[in-house]
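To keep things clear, I will list the structure first and then write my remarks on it.
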């Protein structure tokens, strides 16, 4: 995204792109000045609705996050370690002349290390198993799908998948048996695939009745189908 892109055009670009992070350049695409997280922009608009009417001007630079740069010959292990250390999910790749050669995401790195990660999550939406107490999903199910089914756990989250959510909450690469909370649900890592969360078990805990009721029917139906 160009730094001088009008706000409404920027929102349209984000809506059409379906990505959560965008490099922002100034003047030339070789001059990346930061990474725009869609959530940061949306939160800014919620706090300052006058930006949408033009009554206020957006200081885009104030919400950009520092970019992470690597030469294109850098090893994926080095890039992954730096991403984990800095908690960033995207890196700008530079050519030998210092120009932008492209970008790499955490998903790109994991594909190199542990095999191809699916871009399409339709298959991951279906539960792997379910009974009256809980349901198991692939770690690749999108966080949007999880929130739609189980409610919003609250808080700011950068991850796109439930496996990424678990990693983000733990602050490290998970291991089998790790547990984190998701609203009134306990998430248990059932299986790892190298560095990636392969299966996550959702277990209902005593808590908000409304949240429990939203999923209880689905649990019962799935258990009844024998899936």
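Residue numbers (our numbering): -13 to 213.
Beta carbons are placed, not taken as given, at the ideal position from N, Cα and C, and that holds for glycine.
All of these numbers come straight from a predicted model, not from anything done at the bench.
Cβ of residue i within 8 Å of Cβ of residue j?
| i | j | result |
| --- | --- | --- |
| residue 86 | residue 78 | yes |
| residue 96 | residue 22 | no |
| residue 176 | residue 191 | no |
| residue 166 | residue 158 | no |
| residue 186 | residue 149 | yes |
| residue 152 | residue 164 | yes |
| residue 129 | residue 115 | no |
| residue 25 | residue 48 | no |
| residue 10 | residue 44 | no |
| residue 127 | residue 147 | yes |
Can you list, in chain order, the residues of its chain whose CB lies under 7 Å from that of residue i, leaving out five sequence neighbours each side?
| i | result |
| --- | --- |
| residue 38 | 31 |
| residue 91 | 75 and 76 |
| residue 72 | 54 |
| residue -4 | -13 |
Sorted by chain position, which residues of the same chain lie with C-beta nearer than 6 Å to residue i's C-beta, five sequence neighbours on each side aside?
| i | result |
| --- | --- |
| residue 12 | -11 and 19 |
| residue 0 | 24 |
| residue 102 | Residue confidence for residue 102 is low, a pLDDT of 49 falling below 50, so the modelled location carries little weight; the figure read from the coordinates is stated next. There are no such residues. |
Considering only residues of the same chain and omitting the five flanking positions on each side of residue i, which have a CB-CB separation below 8 Å?
| i | result |
| --- | --- |
| residue 65 | 56, 77, 90 and 95 |
| residue 80 | 55, 56, 57, 58, 86 and 87 |
Return the Cβ separation of residue i and residue j in integer angstroms, given the expectation that the two are a contact with Cβ distance under 8 Å.
| i | j | result |
| --- | --- | --- |
| residue 136 | residue 83 | That belief does not hold up - the Cβ atoms of residue 136 and residue 83 are roughly 49 Å apart, past 8 Å. |
Count the other C-beta atoms from every protein chain shown that fall within 10 angstroms of the C-beta of residue i, then say buried if there are 16 or more, exposed otherwise.
| i | result |
| --- | --- |
| residue 119 | exposed |
Length at least 3, wholly inside the stretch 20 to 76: the beta strand (DSSP E) runs in chain order
55 to 57
Start-end ranges of the beta strand (DSSP E) lying completely within the stretch 123 to 198, minimum 3 residues
165 to 168, 171 to 179 and 182 to 190
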